[in-house]
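Step one of this worksheet: look at the structure below.
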Amino acid sequence: MDRIPFSGIRKVFEKVNELEKEGKDIINLCIGRPDFDTPQHIKDQTKEALDNGLVHYTSNYGLEELRNALSKKLKKENNLDFEPSQIIATVGANDAVFLAMMATLNPGDEVIIPNPTWPHYESCAEMAGAVPVEVPLKEKNGFVLAAEDLEKVITGRTKLLVLNTPGNPTGGVYGESELAEMARVAQKHDLMVLSDEIYEYLTYDTAKHVSIAALPGMKERSIIVNGFSKAYSMTGWRLGYVAAPSDLISAMIRLHQYTVTCATAFVQAGGVSALTSSQECVSSMKSEFDKRRKMVVSRLQSIEGINCQNPRGAFYAFPNIKELGITSDEAAYHFINHGVAMVPGSTFGTYGEGFLRISYASSYKILEKAMNRIEDAVKAF
Ligand SMILES: Cc1ncc(COP(=O)(O)O)c(C=O)c1O
Numbered sequence: 009m010d011r012i013p014f015s016g017i018r019k020v021f022e023k024v025n026e027l028e029k030e031g032k033d034i035i036n037l038c039i040g041r042p043d044f045d046t047p048q049h050i051k052d053q054t055k056e057a058l059d060n061g062l063v064h065y066t067s068n069y070g071l072e073e074l075r076n077a078l079s080k081k082l083k084k085e086n087n088l089d090f091e092p093s094q095i096i097a098t099v100g101a102n103d104a105v106f107l108a109m110m111a112t113l114n115p116g117d118e119v120i121i122p123n124p125t126w127p128h129y130e131s132c133a134e135m136a137g138a139v140p141v142e143v144p145l146k147e148k149n150g151f152v153l154a155a156e157d158l159e160k161v162i163t164g165r166t167k168l169l170v171l172n173t174p175g176n177p178t179g180g181v182y183g184e185s186e187l188a189e190m191a192r193v194a195q196k197h198d199l200m201v202l203s204d205e206i207y208e209y210l211t212y213d214t215a216k217h218v219s220i221a222a223l224p225g226m227k228e229r230s231i232i233v234n235g236f237s238k239a240y241s242m243t244g245w246r247l248g249y250v251a252a253p254s255d256l257i258s259a260m261i262r263l264h265q266y267t268v269t270c271a272t273a274f275v276q277a278g279g280v281s282a283l284t285s286s287q288e289c290v291s292s293m294k295s296e297f298d299k300r301r302k303m304v305v306s307r308l309q310s311i312e313g314i315n316c317q318n319p320r321g322a323f324y325a326f327p328n329i330k331e332l333g334i335t336s337d338e339a340a341y342h343f344i345n346h347g348v349a350m351v352p353g354s355t356f357g358t359y360g361e362g363f364l365r366i367s368y369a370s371s372y373k374i375l376e377k378a379m380n381r382i383e384d385a386v387k388a389f
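Per my numbering, residue 9 is the first one in the sequence shown, and the count goes up by one each step.
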């Protein structure tokens, strides 16, 4: 456990709490969750399930109705053929990542985690006794992994490659040809791929989500992780899923059985409602995110000393603050003192240094105010 750090975001929250106690007004742009309520029809169907007695253990795999709906969704939207028996309903995508790592990795196996990255992968790899290996996601490549960079870090012990598209914290989205390159390298070196697709519906401009598992020869070496948190604003419900080849599902279901047993029964009914009802709620949240994204990015781009690429997915901007000549930790503290909290890029690994993560999951008005404060803080710098 000594190798597993507390989340770096905690330090920022502590500073925010301290300043708020002193009466300062801080706009918190650290939070990685949609700011919308869960759509009403999902709540209604869940309440109904609860009232109708869906209060007991479900199968360890999850409700059949949910896994049937997931199997159909994977086919229709991702062009993937996973049987309901190859899907486990999990306690959020977090749980799915943990199961996937524990099931695939032996002590000493190496896991390639492109970086800057959501820190969860590294900690789960450590918990499995494996060795996380960093490889840079370069800003000039739109924060998409280059095959030549990937090949450089592959050794005889490499077992798993983690891909997260659309990506947290960068907003990078892999196109089909970029995924084909990843697939080529994975097949050449016999790697498994953990594909975290939790932001799949949040792509902008011409970006389009593609699952690597849909490429030729990849389904049998891919583990798909996904969930309801981001698409349906259901972070607190804790519902996700993992889809994988049967032998891995057989390992994961035993882990699942002896840790959480099953995802909460009536919450799974909410998942069925989310999947089988109109998807209008997803597109309206996405279009609101898109409006905010455009405003935030254009404001950031207009500030001297800050360079911000257009994020093509998720709900984060990842501005480069290297021209300010300070570390991302120092920058985060400077901006907090001017009333805006953002996550220092170093929280997301070595290659996150020199960047800040801004979550635009706050109202347009609040974001405008935050951008004014950032502008003033840079002038004051
Ligand atoms: C890339 C990524 N995957 C998974 C998750 C966790 O999702 P869940 O709420 O379903 O556990 C997050 C949450 O921030 C995330 O950013």
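Here a beta-carbon is modelled for each residue, glycine too, at the ideal position from N, C-alpha and C.
| Is it right to say Ala339 is buried, meaning 16 or more other beta carbons lie within 10 angstroms of its own, or is it exposed? | Here the question's residue 339 lines up with position 331 in the sequence shown. The residue is buried, with at least 16 neighbouring Cβ atoms inside 10 Å.
| said: Nearer than 6 Å: is that true of the beta carbon of Ile121 relative to any heavy atom of ligand 1? | reply: Residue numbering aside, residue 121 sits at position 113 when the sequence shown is read from its first letter. Flag unset: Cβ of Ile121 not near ligand 1.
| request: From the DSSP output, in three-state form, read off Tyr324 for me. | output: Residue mapping note: residue 324 aligns to position 316 of the sequence shown, counting from 1. If DSSP states are grouped into helix, strand and coil, Tyr324 belongs with the strands.
| field | Euclidean distance between Cα positions of Ala111 and Cys38 | value | Position 103 of the sequence shown, counted from the start, is the residue given in the question as residue 111. Position 30 of the sequence shown, counted from the start, is the residue given in the question as residue 38. Using only the alpha carbons, I get a separation of about 32 Å.
| Coarse secondary structure for Thr390, derived from DSSP in three states | One cannot answer for residue 390 here, as it falls past the ends of the chain, which runs 9 to 389.
| Are the CB atoms of Val280 and Tyr368 nearer to each other than 7 Å? | Mapped onto the sequence shown, residue 280 falls at position 272. Mapped onto the sequence shown, residue 368 falls at position 360. No.
| query | Can you name the start and end residues of the beta strand (DSSP E) that Ala97 belongs to? | reply | For the purposes of this step, residue 97 is taken as the residue at position 89 of the sequence shown. Here the beta strand (DSSP E) through Ala97 covers 95–98.
| field | Leu187 at chain C interface by Cβ criterion, 7 Å | value | The chain inventory of the structure shown lacks chain C, comprising one protein chain alone.
| request: Examine ligand 1 and report whether any of its heavy atoms sits within less than 6 Å of the Cβ of Thr358. | output: For the purposes of this step, residue 358 is taken as the residue at position 350 of the sequence shown. Thr358 Cβ: outside cutoff for every heavy atom of ligand 1.
| Along the chain, where does the alpha helix (DSSP H) that runs through Asn76 open and close? | Here residue 76 is taken as the residue at index 68 of the sequence shown, counted from 1. For Asn76, the enclosing alpha helix (DSSP H) begins and ends at 72–86.
| query | Quick one, are the C-beta atoms of Thr214 and Val181 less than 7 Å apart? | reply | If you number the sequence shown from 1, residue 214 lands on position 206. If you number the sequence shown from 1, residue 181 lands on position 173. No.
| field | Within 7 Å, strictly: CB atoms of Asn176 and Gly357 | value | Taking the first residue of the sequence shown as position 1, residue 176 is located at position 168. Taking the first residue of the sequence shown as position 1, residue 357 is located at position 349. Not a contact, by the Cβ cut-off of 7 Å.
| query | Is the number of C-beta pairs between the stretch 247–267 and the stretch 87–106 that are closer than 8 Å three or more? | reply | Yes, the stretch 247–267 is in contact with the stretch 87–106.
| request: Label Ser237 either buried or exposed according to how many other C-beta atoms from any shown protein chain fall within 10 Å of its C-beta, with 16 as the threshold for buried. | output: Taking the first residue of the sequence shown as 1, we reach residue 237 at position 229. Around the beta carbon of Ser237, 16 or more other beta carbons lie within 10 angstroms, which makes this residue buried.
| Who does Ser203 pair with in a DSSP beta bridge? | Locating residue 203 in the sequence shown gives position 195, where the first residue counts as 1. Residue pairing of Ser203 in beta bridges, as defined by DSSP: Leu171, Ile232.
| said: Closest to Glu118 by C-alpha separation, out of Thr178, Leu199, Ala57, would be which residue? | reply: Here residue 118 refers to the residue found at position 110 of the sequence shown. Closest option to Glu118, judged by alpha-carbon separation, among Thr178, Leu199, Ala57: Leu199.
| task | Apply the 10 Å Cβ neighbour rule to Pro115 and answer buried if 16 or more other Cβ atoms are within range, or exposed otherwise. | result | Here residue 115 refers to the residue found at position 107 of the sequence shown. Exposed: under 16 other Cβ atoms inside 10 Å.
| task | State the DSSP-derived secondary structure class of Phe363, mapped to helix, strand or coil. | result | Numbered from its first residue, the sequence shown carries residue 363 at position 355. Of the three classes helix, strand and coil, the one that applies to Phe363 here is strand, per DSSP.
| query | By Cβ distance, which residues of its chain are closer than 6 Å to Ile257, with the 5 residues on each side in sequence left out? | reply | In the sequence shown, residue 257 corresponds to position 249, counting from 1. Within the same chain, Gln94 come within 6 Å of Ile257 by CB-CB distance, once the 5 residues on both sides are set aside.
| request: Sort Thr163, Glu30, Met109 by Cα distance to Asn345 and report the nearest one. | output: For the purposes of this step, residue 345 is identified with residue 337 of the sequence shown, where counting begins at 1. The shortest C-alpha to C-alpha distance from Asn345 to any of Thr163, Glu30, Met109 is the one to Glu30.
| task | In the DSSP assignment, find the unbroken alpha helix (DSSP H) run with Asn25 in it and report its ends. | result | Here residue 25 refers to the residue found at position 17 when the sequence shown is read from its first residue. Membership of Asn25 in the alpha helix (DSSP H) is indicated by the continuous run 17–29.
| said: Closer than 8 Å is the cut-off here; do at least three beta carbon pairs connect the stretch 277–295 with the stretch 138–155? | reply: With the cut-off at 8 Å, the stretch 277–295 and the stretch 138–155 do not touch.
| query | What is the rounded straight-line gap between the Cα of Pro352 and the Cα of Ser219? | reply | Along the sequence shown, one-based indexing puts residue 352 at 344. Along the sequence shown, one-based indexing puts residue 219 at 211. Rounded to whole angstroms, Pro352 to Ser219 spans 29 Å at the Cα level.
| Name the DSSP bridge partner or partners of Ala251? | Position 243 of the sequence shown, counted from the start, is the residue given in the question as residue 251. BP columns for Ala251 point to Ile95, Ile232.
| task | Starting from the Cα of Val139, find the closest Cα among Lys146, Ala155, Thr166 and give me that residue. | result | As a first step, residue 139 must be located in the sequence shown, where it is residue number 131. Of Lys146, Ala155, Thr166, the residue nearest in Cα terms is Thr166.
| query | So, helix, strand or coil for Ile50, using DSSP? | reply | Position 42 of the sequence shown holds residue 50. Ile50 sits in a helix when the DSSP states are folded into three classes.
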